[in-house]
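Below: the structure, in structure tokens.
Number of protein chains: 2
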Amino acid sequence: MLIHVESHKQDKSVGRIRQQNESKIIAAAEIEFARHGYKGASIQNIAERSGLPKANIHYYFRSKQGLYAAVLSNILDLWDEVLSELDPDGDPAQELEAYIRAKMVLSRDYPLASRIFGIEIMSGGAHLKEYFQDGYVDWFKGRTAVFETWIAQGKMQPIDPAHLVFLLWSSTQHYADFSCQIDAALGKPQAMLERAEFDTATETLIHIILQGCGIRQP
Amino acid sequence: MLIHVESHKQDKSVGRIRQQNESKIIAAAEIEFARHGYKGASIQNIAERSGLPKANIHYYFRSKQGLYAAVLSNILDLWDEVLSELDPDGDPAQELEAYIRAKMVLSRDYPLASRIFGIEIMSGGAHLKEYFQDGYVDWFKGRTAVFETWIAQGKMQPIDPAHLVFLLWSSTQHYADFSCQIDAALGKPQAMLERAEFDTATETLIHIILQGCGIRQP
DNA sequence: GTCTATAGCCCGATAGAC
DNA sequence: GTCTATCGGGCTATAGAC
Chain A
1084 MLIHVESHKQ DKSVGRIRQQ NESKIIAAAE IEFARHGYKG ASIQNIAERS GLPKANIHYY
1144 FRSKQGLYAA VLSNILDLWD EVLSELDPDG DPAQELEAYI RAKMVLSRDY PLASRIFGIE
1204 IMSGGAHLKE YFQDGYVDWF KGRTAVFETW IAQGKMQPID PAHLVFLLWS STQHYADFSC
1264 QIDAALGKPQ AMLERAEFDT ATETLIHIIL QGCGIRQP
Chain B
1084 MLIHVESHKQ DKSVGRIRQQ NESKIIAAAE IEFARHGYKG ASIQNIAERS GLPKANIHYY
1144 FRSKQGLYAA VLSNILDLWD EVLSELDPDG DPAQELEAYI RAKMVLSRDY PLASRIFGIE
1204 IMSGGAHLKE YFQDGYVDWF KGRTAVFETW IAQGKMQPID PAHLVFLLWS STQHYADFSC
1264 QIDAALGKPQ AMLERAEFDT ATETLIHIIL QGCGIRQP
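Chain order of the listed sequences is A and B. With our numbering applied, the first sequence corresponds to residues 1084 to 1301, in that order. With our numbering applied, the second sequence corresponds to residues 1084 to 1301, in that order.
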């Protein structure tokens, strides 16, 4: 409403700065929330990391909760955007392989998103209560329905669809969430897994899961 | 040294109380650390939950770090104790199946341990630096060696052993770590997964992984 | 819109009476 | 060994000058 009164010039300029600052804050917040969880993260550190004064964070996002909600919302949007649904009429082998590849790319390119979500769930998911409301059961049924179709058509063995979905999630997210343990186990000097290692992981998962479901023969 | 001067009666009594209180504190700390991570947990809440005054926690454990180290150490001891190594001379199918069952029982019976460790790793594992020192690479090589033996003997397909181990870890721990998401997806009213659901999950994982490695035929 | 200054609270840790 | 009382510091959030 108020914005309508202001000139276009001001709108653009102000909007641009706002968007830039909000992005800076969100980027800094993702690092802090991924490192310390919701309660452990501090607005002070987020402010220092973003290069903005502490009070500006309260100006752009009403509160710590508001900032965290924005970060979580970004993560859910990213996943909805990137992960397309499996096509019941498609070839199971191709569909599953493409899904595993897409999830592994997400783990490689957006590890912070995966970790923030993971820590939130492990901590009890108190901030995702709404997200996990009744609609979630139906959404999940949509995820498993594809496999029931394929099983009914004899395209794969009668694997429990829900637990297959959990396996797809857990095995792929592991490479984002537990990367510091993986690095330690493989003796990588620091931080991120090499691209080649990620590719090996992807191919290994595709092999075991597809063959394990009887979709590909040995 | 000082203890030797005191009477046996005092020793026993004091030792018993100390052990009881330490157990109470550790139990309360596990709940708080699993819910808020290291930085987010507060000694105050741990004290209230344990029914002891705040200062006693500093008396029994020197500091917050000391208490957290004790909790983490308990978790690592539990896993060393329960998870026996795979026998290279044993039957791969039986050995792998037994391992998956053992890890799923741990996820079911000690979900807090799994979550505390998981949150610590996801947060960067700063408090496990020593644990992940050079010895860890060798320990991990010991884990993967069994599979290399089996592959050389033609008992299983040439699966990358390291990524197979990661799959075993991720798929089983998921049921402890992400239980609140699993409950939401399956429409369980609250908290813990039913025993029957856990059994279904275990059998599904055994089926997919063993068949996926070419250890069991379809 | 931006930023300084500060209120009010909870934190980890300790001193010291019992 | 136990527990109260308290210190110093960092926290979220806001008031108000610019």
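For each residue, glycine too, the CB sits at the ideal point set by N, CA and C.
Item	Value
Test item: CB-CB of residue 1188(A) and residue 1268(B) under 8 Å	no
Proximity below 8 Å, CB of residue 1264(B) to CB of residue 1204(A)	yes
Residue 1169(B), buried or exposed, once every other Cβ within 10 Å from all chains shown has been counted against 16	buried
Candidates 1253(B), 1278(B) and 1238(B): closest to residue 1172(B) by CA position	1238(B)
Rounded Cβ spacing between residue 1194(A) and residue 1279(A) (contact assumed at less than 8 Å)	Contact doesn't hold; Cβ gap of about 17 Å is too wide.
Neighbourhood of residue 1182(A) by C-beta distance below 8 Å, restricted to the same chain and skipping five residues each side	1166, 1169 and 1251
Expected contact under 8 Å - CB spacing of residue 1227(B) and residue 1248(B) to nearest Å	6 Å
The segment 1103-1110 of chain A touching the segment 1103-1115 of chain B, judged by at least three CB pairs closer than 8 Å	no
Chain A contact residues for residue 1269(B), given Cβ-Cβ distances below 8 Å	1220, 1223 and 1245
Exposed unless 16 or more other CB atoms sit within 10 angstroms - verdict on residue 1235(B)	exposed
Element boundaries [alpha helix (DSSP H), containing residue 1138(B)]	1137-1143
Continuous alpha helix (DSSP H) stretch holding residue 1191(A): start and end	1175-1192
Residue environment, residue 1256(B), which counts as buried when at least 16 other CB atoms sit within 10 Å	buried
Chain-order list of residues whose beta-carbon lies under 7 Å from that of residue 1244(B) (same chain, five-residue window excluded)	1227, 1230 and 1231
Between the CA atoms of residue 1240(B) and residue 1128(B) - distance to the nearest angstrom	51 Å
As assigned by DSSP and simplified to three states, the class of residue 1277(B)	coil
Partner residues on chain B for residue 1284(A), Cβ-Cβ distance less than 7 Å	1246
Residue 1213(B) versus residue 1199(A) - alpha carbon distance	24 Å
Own chain partners of residue 1147(B) with C-beta closer than 7 Å, once the 5 adjacent residues on each side are dropped	1126
Span of the alpha helix (DSSP H) around residue 1216(A)	Segment: none, residue 1216(A) is in no alpha helix (DSSP H) and carries neither H nor E.
Rounded straight-line distance, which links the Cα of residue 1246(B) to that of residue 1191(A)	15 Å
Minimum Cβ-Cβ distance from residue 1260(A) to chain B less than 8 Å	yes
Where residue 1264(A) sits in the DSSP three-state scheme	helix
Residue interval of the alpha helix (DSSP H) (run including residue 1240(B))	Where residue 1240(B) is concerned, there is no enclosing alpha helix (DSSP H), given that its DSSP letter is neither H nor E.
Element boundaries [alpha helix (DSSP H), containing residue 1164(A)]	1147-1165
Test item: CB-CB of residue 1210(B) and residue 1143(B) under 8 Å	no
Run of the alpha helix (DSSP H) containing residue 1127(B), from where it starts to where it stops	1126-1133
Per-residue contacts from residue 1264(A) into chain B (C-beta, under 8 Å)	1204, 1208 and 1215
Nearest-angstrom Cβ-Cβ length linking residue 1117(B) and residue 1158(B), presumed shorter than 8 Å	The Cβ separation is near 10 Å, so there is no contact.
Alpha-carbon to alpha-carbon, residue 1164(A) and residue 1110(A)	19 Å
Chain B within 8 Å of residue 1177(A), Cβ atoms only	no
Any C-beta of chain A under 8 Å from that of residue 1253(B)	yes
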